[in-house]
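Heads up: the structure comes next, in structure tokens.
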Amino acid sequence: MTAAERAHVLIRRVRALHEEWARVVRALDEDAVRAPSALPGWTRAHLLSHVARNADGLGNLLTWAKTGVETPMYATATARDEGIEAGADRSAAAIIADVVDSGERFTDLAASLPDEAWTGEARDRLGNKLTGEGVLGKRLSEASIHLVDLDFGYDFARVAALLGSEFEVVVSSAIASYGDGLPAVLLVAAADGTRHEWRMGTGDAVKVVGSPGDVLAWITGRGDGSTLDGEAPPLPHWL
């Protein structure tokens with residue numbers, strides 16, 4: 000499968016996740032939006048504003064990958080956090096509309112890109128290099144992980160099921176987001192006759208095995224690894 004063919008598979012999965020988000024957020028009232036999320040210090044309003052701004056920021060990276068012209072995720076080093084704080088002060092209706100509209104903008108942009116954009120390169124806000132195809136993987140990761148962080152009925156087992164065959168892409172994207180310094184681990188997700196493996200770090204690796212949901216929770220810093228088989232080492236702080 001070519002990069003362009005893989006990209007269009009990912010676009011369909013991202014679009015499906017955005018549709019899931021649209022259904023969820025439309026069920027939130029003002030009080031629910033103001034309630035705490037599962038992320039320390041963030042209400043759901045903060046989280047939802049982040050999800051929306053992330054869609055636009057990653058859209059910038061798609062443009063960068065297409066044109067080769069540097070188009071950062073955020074205009075300044077502080078713009079990400081400032082946008083989240085400002086966005087959280089809006090009405091629930093405005094926040095909900097923003098989540099839906101930004102998701103549609105991202106997938107519409109992605110669907111319009113030429114084949115060569117998927118091998119074009121950009122850099123995320125931490126300076127990590129990624130291709131246009133990799134940008135789709137990052138959006139898939141954000142859109143799936145934060146469904147759990149919303150604390151509105153989703154757990155990692157459910158999210159892993161929603162991801163289907165693209166579950167592997169999300170774990171790979173999460174591993175790549177750490178950059179260097181990961182512990183040496185052979186990470187295995189196994190369920191229903193399927194098995195995925197990732198080699199992390201360098202040197203002698205400890206083998207860590209778990210269900211897709213438990214693996215996803217651990218690699219994204221949402222689980223301590225106690226539900227995994229093997230001695231799961233601590234991970235760097237999730238950014």
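Residues 0 to 238, numbered by numbering that gives the first Met the number 0, are exactly what the sequence shown covers, in order.
We put the beta carbon where it would ideally sit given N, CA and C, even for glycine.
The three-state reading of DSSP puts G192 in coil, since its state is none of H, G, I, E or B. Among the bridge pairs identified by DSSP, M199 is matched with V184.
Burial check for K128: the Cβ neighbour count within 10 Å stays below 16, so the residue is exposed.
Taking a contact as a CB-CB distance under 8 angstroms, the pair G209 and T226 counts as one, their CB atoms being some 6 angstroms apart. Assigned with DSSP and collapsed to three states, P35 falls in strand.
Comparing alpha carbon positions, the residue from K137, L125 and T77 closest to F105 is K137. Around G200, the same chain offers L181, P182, A183 and V184 as residues with beta carbons nearer than 7 angstroms, after the five sequence neighbours per side are excluded. Residue pairing from DSSP places T130 in a beta bridge opposite E120. For L139, the CB contacts under 8 angstroms within the same chain, skipping 5 residues up- and downstream, are L9, R12, V13, L16, L162, E165, V168, V169 and S172 in chain order.
When the Cα atoms are used, V99 and D28 turn out to be separated by approximately 15 angstroms. Within the DSSP secondary-structure output, D228 pairs in a beta bridge with V208. If you look at A110, you'll find it in the alpha helix (DSSP H) that goes A91 to S111. Scanning the segment 138–177 for uninterrupted alpha helix (DSSP H) segments of 4 residues or longer gives 155–162 and 166–176, listed from N- to C-terminal end.
With the rule of 3 Cβ pairs closer than 8 angstroms, the segment 40–51 counts as touching the segment 71–84. Beyond the five residues adjoining it in sequence on each side, D228 comes within less than 6 angstroms, by CB distance, of V208 in the same chain, given in chain order. The C-alpha of A34 is placed about 13 angstroms away from the C-alpha of S90. Contact between R25 and I95 is confirmed by a C-beta separation of about 6 angstroms, below the 8 angstroms threshold. Of H7, Y73, D179 and T130, the smallest CA-CA separation from H236 is found for D179. H7: member of the alpha helix (DSSP H) spanning A2 to V24, first to last residue. Per DSSP, W237 is not a residue of any alpha helix (DSSP H), being assigned neither H nor E.
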